[in-house]
Amino acid sequence: MKYADMFRATENFTLKDEDAGLRRLGAAAAGVPDAKQLDKELTRELAQHIAEWQDVFTASRSKKLLIILQGMDTSGKDGTVKAVFGDINPLGARTVAFKAPTQQEKDHDYLWRIHQAVPGAGEIVIFNRSHYEDVLITRVHDWISEKECEQRYGHIRDFERMLTDTGTVILKFFLHISKAEQKQRLEERLKDPQKHWKFDPSDLAERAHWDAYQRAYENAVRATNAPHAPWFIVPADSKTQRNLVIAHIVREILDNLQLKYPAPHPEYASIRVPD
Numbered sequence: 001m002k003y004a005d006m007f008r009a010t011e012n013f014t015l016k017d018e019d020a021g022l023r024r025l026g027a028a029a030a031g032v033p034d035a036k037q038l039d040k041e042l043t044r045e046l047a048q049h050i051a052e053w054q055d056v057f058t059a060s061r062s063k064k065l066l067i068i069l070q071g072m073d074t075s076g077k078d079g080t081v082k083a084v085f086g087d088i089n090p091l092g093a094r095t096v097a098f099k100a101p102t103q104q105e106k107d108h109d110y111l112w113r114i115h116q117a118v119p120g121a122g123e124i125v126i127f128n129r130s131h132y133e134d135v136l137i138t139r140v141h142d143w144i145s146e147k148e149c150e151q152r153y154g155h156i157r158d159f160e161r162m163l164t165d166t167g168t169v170i171l172k173f174f175l176h177i178s179k180a181e182q183k184q185r186l187e188e189r190l191k192d193p194q195k196h197w198k199f200d201p202s203d204l205a206e207r208a209h210w211d212a213y214q215r216a217y218e219n220a221v222r223a224t225n226a227p228h229a230p231w232f233i234v235p236a237d238s239k240t241q242r243n244l245v246i247a248h249i250v251r252e253i254l255d256n257l258q259l260k261y262p263a264p265h266p267e268y269a270s271i272r273v274p275d
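Per the UniProt record's numbering, residue 1 is the first one in the sequence shown, and the count goes up by one each step.
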C-alpha cells in the first residue's frame with residue numbers, strides 16, 4: 001500500500017485520542033531496538049531526498065506545491081517544518097505562519113490574504129495554519145453560524161479546485177495529538193525557562209474547548225477532503241513518527257510527479273566564455 005493511501009482521511013473519519021499514538025511506519029512499527037534513532041535517521045534521509053527533488057521542481061516550473069499543516073496547539077507544526085523541510089533551498093520555498101488577521105485583512109474576504117501567499121511556478125510553500133482557521137476557531141467560538149460555515153466549506157472547495165486546476169499540488173496534513181499529550185507538552189514548556197517563548201496563555205483557554213475543536217476538525221476535513229486536495233491524518237503523539245509519516249508521503253508524491261529538468265540547449269555547447 002502506498003504511504004498516502006495509508007493515512008488519507010476516510011469519508012466518515014472520526015478523531016480518537018488512541019489513534020494519535022499509533023506507530024505504523026519504520027523501526028517503531030517493527031518494534032526493533034533503537035527504533036527512535038533509526039526512524040530519525042530515516043526521516044533525515046527522506047528530508048534530503050525532498051531537498052534534492054526541489055532542485056528539479058524549481059527548474060521545471062511546471063508545478064506548484066502547497067503543503068498545509070493544521071493541528072491543535074503543540075501538535076508539532078513548527079517541528080515538522082524543521083525536521084522534514086529544513087533542508088530545502090529557501091530561494092524556492094516559503095513558510096507562511098498565519099496569525100490573527102490584521103485590520104487590512106479583515107477589510108477583505110477571509111481568503112484574500114491566503115491567495116496572496118500561495119506558491120508560484122516551481123515554488124514550494126508550507127502553510128503553518130491556514131484558511132482552515134476560518135472554519136475552526138470561528139466555528140468553535142460561534143463567530144460564524146453553521147450556515148456561514150457551510151458556505152465557507154464551499155468557498156474553500158472552489159478555491160482549492162482553482163489552485164489545482166492551475167498547477168498546484170495540495171497536500172493537507174492534520175497533526176493528530178491526544179489531549180493527554182498536549183497537556184504534557186504544555187507542562188514541559190512551563191517547566192523549562194528556555195521554552196517559555198513557545199508558551200502562550202491563550203493555549204490554555206483554547207484547550208478548554210478541546211471537544212469542540214475535535215468536532216470542528218472532523219467536520220472541516222470531511223467537507224473539504226478531495227482527491228485533488230487530500231487530507232492526511234498523521235498520528236502526532238510521537239514527534240518521530242509524525243515526521244517520518246509526513247516525509248514519506250511528501251517524497252512519494254514528489255516521486256509520482258515524475259518531473260524532469262528542462263530540455264537542454266544543444267547550441268550552448270558551442271558557446272565559449274571569454275577570458
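No residue lacks a Cβ here, since even glycine has one placed at the ideal position from N, Cα and C.
Exposed or buried, Leu-69, counting other C-beta atoms within 10 Å across all chains shown (16 or more means buried)?
Buried is the label assigned to Leu-69, since at least 16 other Cβ atoms lie within 10 Å of its Cβ.
Return the first residue and the last residue of the beta strand (DSSP E) that Ile-124 is part of.
Ile-124: member of the beta strand (DSSP E) spanning 124-128, first to last residue.
Determine contact between the region 243-254 and the region 158-173, defined as no fewer than three beta-carbon pairs at a distance below 8 angstroms.
yes
Going along the chain, which residues of its own chain have a beta-carbon closer than 7 angstroms to the beta-carbon of Leu-111, five neighbours each way excluded?
Cβ neighbours of Leu-111 beyond the five flanking positions: His-131, His-155, Phe-159.
In whole angstroms, what separates the C-alpha of Ile-67 from that of Asn-219?
Rounded to whole angstroms, Ile-67 to Asn-219 spans 20 angstroms at the Cα level.
So, does the region 87-100 touch the region 117-133, judging by three or more C-beta pairs under 8 angstroms?
yes
Can you find the residues in the same chain that come closer than 8 angstroms, C-beta to C-beta, to Trp-143, ignoring five residues on each side of it along the sequence?
Ile-137
Would you check if the region 5-21 and the region 220-229 touch, i.e. whether three or more CB-CB distances between them fall below 8 angstroms?
yes
Who are the near neighbours of Asp-237 in its chain, counting only those whose CB is closer than 7 angstroms to its CB and skipping five residues on each side?
Ala-20, Gly-21, Ile-177, Ser-178, Glu-181.
On the three-state DSSP scale, how would you describe Thr-102?
coil
Would you kindly work out how many angstroms separate the C-alpha atoms of Asp-275 and Asp-255, rounded to a whole number?
41 angstroms
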